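S.K.:
There are 2 protein chains.
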Amino acid sequence: MKASRLLAPTLREAPRDTDAVSAKLMIRAGLIRKLAAGLYDWLPLGLRALKKAENIVRQEMDKLGAQEVWLPTIQPKELWEETGRWQVYGKELLRFKDRKDTEFCYAPTAEEVITDLVRRDVNSYRQLPLALYQFGSKFRDELRPRFGVMRAREFYMKDCYSFHATEADAEDFYKKAYEAYVKIFERCGFKFRAVEADSGAIGGSFSHEFMVLAETGEDEIISCEACGYGANREKHGTGTACPKCNKEPLMSSRGIEVGHTFKLGTKYSDAMKAMYLDASGAHKPFIMGCYGIGVSRVVAAAIEQGNDENGIIWTQALAPYQVVIIPTNYAEPKIKEWADKFYEEVQKLGVDAVLDDRDERAGVKFKDADLIGYPLRITLGEKGLAKGIAEVKPRSEKNFQEIPLDNVLTEVQKFFNS
Amino acid sequence: MKASRLLAPTLREAPRDTDAVSAKLMIRAGLIRKLAAGLYDWLPLGLRALKKAENIVRQEMDKLGAQEVWLPTIQPKELWEETGRWQVYGKELLRFKDRKDTEFCYAPTAEEVITDLVRRDVNSYRQLPLALYQFGSKFRDELRPRFGVMRAREFYMKDCYSFHATEADAEDFYKKAYEAYVKIFERCGFKFRAVEADSGAIGGSFSHEFMVLAETGEDEIISCEACGYGANREKHGTGTACPKCNKEPLMSSRGIEVGHTFKLGTKYSDAMKAMYLDASGAHKPFIMGCYGIGVSRVVAAAIEQGNDENGIIWTQALAPYQVVIIPTNYAEPKIKEWADKFYEEVQKLGVDAVLDDRDERAGVKFKDADLIGYPLRITLGEKGLAKGIAEVKPRSEKNFQEIPLDNVLTEVQKFFNS
Chain V
9 MKASRLLAPT
19 LREAPRDTDA
29 VSAKLMIRAG
39 LIRKLAAGLY
49 DWLPLGLRAL
59 KKAENIVRQE
69 MDKLGAQEVW
79 LPTIQPKELW
89 EETGRWQVYG
99 KELLRFKDRK
109 DTEFCYAPTA
119 EEVITDLVRR
129 DVNSYRQLPL
139 ALYQFGSKFR
149 DELRPRFGVM
159 RAREFYMKDC
169 YSFHATEADA
179 EDFYKKAYEA
189 YVKIFERCGF
199 KFRAVEADSG
209 AIGGSFSHEF
219 MVLAETGEDE
229 IISCEACGYG
239 ANREKHGTGT
249 ACPKCNKEPL
259 MSSRGIEVGH
269 TFKLGTKYSD
279 AMKAMYLDAS
289 GAHKPFIMGC
299 YGIGVSRVVA
309 AAIEQGNDEN
319 GIIWTQALAP
329 YQVVIIPTNY
339 AEPKIKEWAD
349 KFYEEVQKLG
359 VDAVLDDRDE
369 RAGVKFKDAD
379 LIGYPLRITL
389 GEKGLAKGIA
399 EVKPRSEKNF
409 QEIPLDNVLT
419 EVQKFFNS
Chain R
9 MKASRLLAPT
19 LREAPRDTDA
29 VSAKLMIRAG
39 LIRKLAAGLY
49 DWLPLGLRAL
59 KKAENIVRQE
69 MDKLGAQEVW
79 LPTIQPKELW
89 EETGRWQVYG
99 KELLRFKDRK
109 DTEFCYAPTA
119 EEVITDLVRR
129 DVNSYRQLPL
139 ALYQFGSKFR
149 DELRPRFGVM
159 RAREFYMKDC
169 YSFHATEADA
179 EDFYKKAYEA
189 YVKIFERCGF
199 KFRAVEADSG
209 AIGGSFSHEF
219 MVLAETGEDE
229 IISCEACGYG
239 ANREKHGTGT
249 ACPKCNKEPL
259 MSSRGIEVGH
269 TFKLGTKYSD
279 AMKAMYLDAS
289 GAHKPFIMGC
299 YGIGVSRVVA
309 AAIEQGNDEN
319 GIIWTQALAP
329 YQVVIIPTNY
339 AEPKIKEWAD
349 KFYEEVQKLG
359 VDAVLDDRDE
369 RAGVKFKDAD
379 LIGYPLRITL
389 GEKGLAKGIA
399 EVKPRSEKNF
409 QEIPLDNVLT
419 EVQKFFNS
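Residue numbers (the working numbering), protein chains in the order written: chain V, 9 to 426; chain R, 9 to 426.
(1) Candidates V/103, V/90, V/362: which alpha carbon is nearest residue 148 of chain V's?
(2) Bridge partners of residue 163 of chain R, per DSSP?
(3) Can you round the beta-carbon distance between residue 57 of chain V and residue 363 of chain V to whole angstroms, since I take them to be within the 8 Å contact cut?
(4) Could you have a look at residue 228 of chain V and say whether DSSP puts it in helix, strand or coil?
(5) Tell me, please, whether the region 304-318 of chain V touches the region 183-202 of chain V by the rule of three or more beta-carbon pairs shorter than 8 Å.
(6) Is the region 9-17 of chain R touching the region 408-425 of chain V in the sense that three or more CB pairs, one from each, lie closer than 8 Å?
(7) Quick one: what's got a C-beta closer than 6 Å to residue 366 of chain V's C-beta in the same chain, skipping five residues either side?
(8) For residue 41 of chain V, report the span of its alpha helix (DSSP H) as first-last.
(9) Measuring alpha carbon to alpha carbon, tell me which of R/186, R/223, R/289, R/232 ends up nearest residue 217 of chain R.
(10) Please report how far the alpha carbon of residue 232 of chain V lies from the alpha carbon of residue 259 of chain V, in whole angstroms.
(11) Let me know the secondary structure DSSP gives residue 249 of chain V once reduced to three states.
(12) Could you check whether the Cβ of residue 104 of chain R sits closer than 7 Å to any Cβ belonging to chain V?
(13) Our contact map puts residue 282 of chain R next to residue 174 of chain R with C-beta atoms below 8 Å; I'd like the distance itself, whole angstroms only.
(14) Residue 133 of chain V: beta carbon under 6 Å from a heavy atom of the ligand MN?
(15) Residue 142 of chain R to residue 77 of chain R, Cα distance in whole Å?
(16) Look up residue 344 of chain V in the DSSP assignment and say whether it is helix, strand or coil.
(17) Is the separation between the beta-carbon of residue 299 of chain R and that of residue 168 of chain R shorter than 7 Å?
(18) By DSSP, does residue 223 of chain R sit in helix, in strand, or in coil?
(19) Using a Cβ cut-off of 7 Å, pull out every chain R residue sitting near residue 76 of chain V, in sequence order please.
(20) In chain V, which residues lie with their C-beta within 7 Å of the C-beta of residue 44 of chain R?
(21) Pick out whichever of R/172, R/374, R/120, R/390 has its Cα sitting closest to the Cα of residue 384 of chain R.
(22) Whose Cβ in chain V lies nearer than 8 Å to the Cβ of residue 376 of chain R?
(23) From this set, R/422, R/353, R/337, which residue's C-alpha is nearest residue 392 of chain R's C-alpha?
(24) Looking at C-beta atoms only, is the number of pairs between the region 78-93 of chain V and the region 117-136 of chain R that lie closer than 8 Å three or more?
(25) Identify the continuous beta strand (DSSP E) that holds residue 271 of chain V and give its terminal residues.
(26) I'd like to confirm the pairing. Which residues does DSSP put opposite residue 196 of chain V in its beta bridges?
(27) Between residue 158 of chain V and residue 28 of chain V, how many whole angstroms is the CB-CB distance? I'm expecting something under 8 Å.
(28) Figure out for me which residue from V/426, V/138, V/25, V/101 has the closest Cα to the Cα of residue 72 of chain V.
(29) Would residue 154 of chain R pass as an interface residue toward chain V - the criterion being a Cβ-Cβ separation below 7 Å?
(30) I want to see whether chain R comes within less than 7 Å of residue 385 of chain V, judged by CB atoms only; does it?
(31) Give the straight-line distance between the Cα atoms of residue 345 of chain V and residue 339 of chain V, rounded to the nearest whole angstrom.
(32) Could you tell me whether the Cβ of residue 81 of chain R comes closer than 7 Å to any Cβ of chain V?
(33) Looking only at its chain, what residues have a beta carbon closer than 7 Å to the beta carbon of residue 421 of chain R, apart from the 5 residues adjacent to it on each side?
(34) So with Cβ pairs under 7 Å, would you call residue 20 of chain V a contact of chain R?
(35) Taking Cβ positions only, does residue 17 of chain R come closer than 7 Å to chain V?
(36) When you compare only the Cα positions, how much space is there between residue 45 of chain V and residue 341 of chain V?
This is the structure:
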């Protein structure tokens, strides 16, 4: 992509009402724009990071054996009444009437809709286990939307639901889903922790939260290095005593919730009479689990974890583009020639590249490159070319290296394979 | 994918209230399920077809130079008031209040939101032309939702908006977008026609509809083979006189609208004071175009165009899976061995395959294969294997061919490259 064509409107300052590091940087780097309270437009760079996160999640869900579906965002009241959640759910559930005065809500989650689908079309233990997932918009009418897309009202989520014939199978799948989540957040390049949590409005017997560690996290996590135990202090209410081992004191850190797994049991299948026939011909309620990832939140969490005073420091996996090529003066034929050549060759390596072909001073281009946070920067200038070198600088390092022009592509390959 | 794990609940009969060939077949083949009036769950097979259409559209939009963004489905009333459409738009616009009594609507289209984004962040003629597109849910509160996903209330759409400094540039881009649309529908494998249309609620100076030809189409198209002229009779009101040539009579056919391009001019930029600075420093309104494709409708249109009494006949480009491998008896070790081998080898060719490993009679598997409409079927049975052959049958042909086992993969390659 050529920077002259890319809609990436960078800003020196974030708007005053912006209240989190990631929100400030996402707006300043031109990743998002605020449409209204808790509603954000995702611009090309932001969406590319979102899609990279989505693809990682999709690959691991497919490996887990889950099948992708797509469910309406608009859900009928009747199903929510079957589970009693139409009454229980507070004002965060956006409710409205259609032109015929029929009541609906905008999905904050899809247990009712998926259980309804499965009770109609899955009848036998032989069809189990079954896991279905989707990506899509969700809406929670937060009283105080804040932290940019981290606590937005409309957000992008992966939700997965599993159906089982036995407790043992449900627990086995839960473990595998847990492992898939570990894999997902490892691939994102996160420092994170899985902690025990309570089940809140979703309900069920137990659950885990996946927390990206960041000083700015909303939640306090207490954990024990020795036994691997971790819990969300506020939500789980666990004090300082560690249930699994005697090592004290527990570590305390802060985290941002990006995923949540729930062992639901038969809460929804009982309420909605969602039954299958077991091997003996008896009707049994499905045993369920559900597994969410806030994909738009993953992007914000990546930025909370990776940034400095100059801007975003992406992990390689989530960076919208991996390399920026900066000709200090694109009007200079020799510089243009090398910049065009590297732009083409880098892309041939399968690396996403931006060519900053704008008619701007080199200093402006460097500032934008740091702010947007491309993992690798290749600078081509008159003096360097006279010496036969390009300046190559990883975003996470302070200084550039002078690399002979013939070796630049090898350096790029090395950087992204390391 | 193994059929025993695939959620593809086929039905002998469609529900009585189903009123279009594609809707009946989508439900019978287990592609979709109705959640409520005009609201559909997309099951794994349906979603795969939808994603294949989406990918074709995305590739051609990227080639056109448009950049992907993602905008909220929930839009604030204020922007719709700026253009006057809050008043003009009828009951098809789903309106509601959030918990703070602020008014919003669910996007049926995004001219206001995109124009608002661009007026805030694009200021100079040097940033033009600019084209932005997105995929996402749209909602139209149809009085009488019908024809399954074809006239659903919530549907999946690609909408693209372009911004230009000059009329000439806007028209040039319009032509390129038109050509991209032709490419998209050619790649989908459609028989289609682009026809002149009127601009309806979107407004603007002129527009074209892209109509998939099908006997069951809602719209009557009149066209002239000699000059290429085509028009939507009902919407455009064009009679029998052909404006561009004198050849009579015009052809009449029926079509399903899958895409619509609009030359908007300055309708939205004037109303919303969306201006850029031209080379002389003067403020000018953006000249705009917009370009929609009903992606979920594309899937239904493909089925309206491709079906017979036994089920769906997919084009190769949109088929959820391209090949089904049917072992007549998967419990038989020799049959299983060959079926597993072909399942693996076909996928290595980059061809999506389903292995029908279910414990069902061959007749049931054949019926499902025809109903779901896999373009190619490979059957492995005891008698055939004794002769050293597999039965290979394209969905669109009546009879199978006996292919020596060693040649099957070559046949598969030939079929998908032809």
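A virtual CB, placed ideally from N, CA and C, is assigned to each residue, including glycine. Since the structure is predicted, the reported quantities are computational estimates derived from the model, not experimental observations.
M.R.: A quick look at the data gives this:
(1) Residue nearest to residue 148 of chain V within the set V/103, V/90, V/362 is V/103 (criterion: CA-CA distance).
(2) DSSP, once it has assigned bridges, lists R/146 as partnering residue 163 of chain R.
(3) Contact flag wrong, Cβ pair sits at about 19 Å.
(4) Strand at residue 228 of chain V.
(5) Touching, yes.
(6) Result no; under three Cβ-Cβ pairs closer than 8 Å.
(7) Correct list, in chain order: 11, 12.
(8) It is not in any alpha helix (DSSP H) - residue 41 of chain V instead sits in the beta strand (DSSP E) that spans 40-44.
(9) Nearest of R/186, R/223, R/289, R/232 to residue 217 of chain R, Cα basis: R/186.
(10) Residue 232 of chain V and residue 259 of chain V have their C-alpha atoms roughly 6 Å apart.
(11) The pLDDT assigned to residue 249 of chain V is 45, lower than 50, so where the model puts this residue is not dependable, and the model offers no usable value.
(12) Yes, because at least one Cβ of chain V sits closer than 7 Å to the Cβ of residue 104 of chain R.
(13) That belief does not hold up - the Cβ atoms of residue 282 of chain R and residue 174 of chain R are roughly 16 Å apart, past 8 Å.
(14) For the ligand MN, the structure offers nothing, since it holds no ligand at all.
(15) Residue 142 of chain R and residue 77 of chain R: Cα-Cα distance of roughly 5 Å.
(16) Correct three-state label for residue 344 of chain V: helix.
(17) In this structure, the beta-carbon distance from residue 299 of chain R to residue 168 of chain R falls below 7 Å.
(18) Of the three classes helix, strand and coil, the one that applies to residue 223 of chain R here is coil, per DSSP.
(19) What residue 76 of chain V touches in chain R: 52, 55.
(20) Residues of chain V whose Cβ lies closer than 7 Å to the Cβ of residue 44 of chain R are, in chain order, 84.
(21) The shortest C-alpha separation from residue 384 of chain R is found at R/374.
(22) Those within 8 Å of residue 376 of chain R in chain V number zero; the least Cβ separation is about 14 Å.
(23) Per the Cα distances, R/337.
(24) Contact between the region 78-93 of chain V and the region 117-136 of chain R is absent: fewer than 3 CB-CB pairs across the two stretches fall below 8 Å.
(25) Residue 271 of chain V -> beta strand (DSSP E) spans 259-273.
(26) Beta-bridge partners of residue 196 of chain V (DSSP): none assigned.
(27) That pair is a contact at about 6 Å.
(28) Of the candidates V/426, V/138, V/25, V/101, V/138 places its Cα closest to the Cα of residue 72 of chain V.
(29) No, no contact with chain V.
(30) Not one chain R Cβ lies under 7 Å of residue 385 of chain V.
(31) Approximately 10 Å between the Cα atoms of the pair.
(32) Taking 7 Å as the CB threshold, residue 81 of chain R lines the interface with chain V.
(33) Counting only Cβ-Cβ distances below 7 Å, and skipping sequence neighbours, we find 357.
(34) No, no contact with chain R.
(35) Taking a beta-carbon distance threshold of 7 Å, residue 17 of chain R counts as an interface residue toward chain V.
(36) Taking the Cα positions, residue 45 of chain V is about 47 Å away from residue 341 of chain V.
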